[in-house]
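Have a look at the structure below, then the notes.
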Amino acid sequence: MMARSRRYLGVALLVALPLAAAKVKFEDKWNKFCGEPDCYTELGLLPNATKAQIRRAYRNLSLEFHPDKNPGDRVAAEKFRRVARANEVLTDDEERKKLDYYIENPAEYWQLYGSYVSYAYKPKSSIVTAIVFLLLFLSCVQPTIQYSKYSQYVAKLEKAAMNKLPVGAGGSPESLEIRRLAEEKIAADKANKKGKSGKLDRKKLEETIHQLIADLEIEGEFRKPTVREIPIVRVCIVPVSFGTRAYRYLKVEYKRFKGLDLDEEEKQEVIERFLGGADKWEALSDQDQDKLIEQDCWKRENFDAWMIERKKNAPVPQETTVAAEPAVITAKSKKELRQRRKANANKSFVMDD
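Under mature numbering (1 follows the signal peptide of the UniProt record, and there is no 0), read the sequence shown as residues -22 to -1, 1 to 331, first letter to last.
Structure (structure tokens):
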């Protein structure tokens, strides 16, 4: 039994020792000899190569990678330099002896020359990838936050309508209006069923208020989130929207250049550009808008004529501010005069005393 155990131990040691030795590998990180790979590998030789084999290998490689045969080739020039260095080390008995020793004892190399840490930087992520991940993150977070705000507002509105809270006590004009509409709807349903209008059914009231709020279009900060508001969807829509506007603009300009007739929408679009924006068009009265269309003001010369006529017929602003100033000054002067008279009267009263 003991003999068998010793045999197994010997086999284990025979297997473990080569594995342990294989883990320690010589690497000339400090370029004391040939750097990486080592000098033997550079010449394609084994550590037991003779000097004749070293010279022959050097001669063949130097002829292959000589700069005269490879003009302008930086890789060949670097290889030629490394081959020459390997030949220099291996043909020098002292240098080769040191190299062989450190190959057999790599730990001695680190003790003599110090440890070496090789840093490898992870490649940077592309900007496009970072932007895509940011958009995906915002597309998940933004709708969730908006829907949470919408749900809180709806719950508050429903609670205020159910309890018929006044405006100053948690209610709002919207909640009171919803409560009124719900009561009217319930009363109308009871009237259609020809039943007596008894006590208000709270469950029916809750269902009616919930339905009215669901049908309500809430705008502004507490609006219900839509697909078009998701950041990544908006980014995808922007090129499509820009392309559509660009196509429409070029189409209208082509028609104008060719002297073709425009439809009502295209005429309005051109006039809006002349005015300086759609808001300027909306600021005009219906009469002025119709006049611009009727006079073909989508043509530049007609629009300029309309602008000249409009400036001529514009009412002259009255100088109300200038006229109001004397009245204010006069009133102020009268007040100052009264104060002076009162002060003088008091002064004379004191002097008389």
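Glycine included, every Cβ here is placed at the ideal spot set by N, Cα and C.
Less than 8 Å between the CB atoms is what I'm expecting for residue i and residue j, so what's the real figure, rounded?
i	j	result
P209	Y125	Wrong, their Cβ atoms sit about 15 Å apart, outside the cutoff.
C17	A85	With a Cβ gap of about 20 Å, C17 and A85 do not count as contacting.
Q246	W259	7 Å
Y31	L39	For clarity, residue 31 is Gln in the given sequence; the question names Tyr instead. The pair is not a contact, with the Cβ atoms about 12 Å apart (cut-off 8 Å).
K29	F43	That pair is no contact at about 21 Å.
V213	L113	6 Å
D78	P25	6 Å
F4	Y87	7 Å
Here's a check: name, in chain order, each residue in its chain whose Cβ is nearer than 6 Å to the Cβ of residue i, leaving out the five neighbours to either side.
i	result
E73	V67
S219	none
E244	V230
L116	P209
D46	none
Beta-carbon within less than 7 Å of residue i's beta-carbon, same chain only, minus the 5 sequence neighbours each way: which residues are those?
i	result
K163	T186
L159	L190
V205	V211
E184	M140
V(-12)	With a pLDDT of only 44 at V(-12), under 50, the local geometry of the prediction cannot be trusted, and no value is derived from it.
Which word fits residue i, buried or exposed, when buried means at least 16 other C-beta atoms lie within 10 angstroms of its C-beta?
i	result
C275	buried
S153	buried
G149	buried
A165	exposed
V110	exposed
D6	buried
Y80	buried
E155	exposed
A139	buried
I249	buried
V230	buried
E20	buried
R59	exposed
K228	The amino acid at residue 228 is misidentified as Lys; the sequence shows Leu. Counting Cβ neighbours within 10 Å, L228 comes out exposed, since fewer than 16 surround it.
Could you spell out the range, first to last residue, of the alpha helix (DSSP H) harbouring residue i?
i	result
F235	P209 to K236
C275	First-last for C275: undefined, no H or E at that position.
I123	I105 to N141
W88	P84 to Y91
P151	P151 to N170
L39	K29 to E42
C17	C17 to L21
A64	R52 to L68
I187	R180 to D193
R251	E242 to L253
A261	A256 to A261
Looking only at its chain, what residues have a beta carbon closer than 8 Å to the beta carbon of residue i, apart from the 5 residues adjacent to it on each side?
i	result
Q128	It is worth fixing the name first, because residue 128 is Tyr in this sequence and not Gln. Taken in chain order, the residues that qualify are I196, F200, R201, K202 and P203.
A62	Y36 and S40
F235	none
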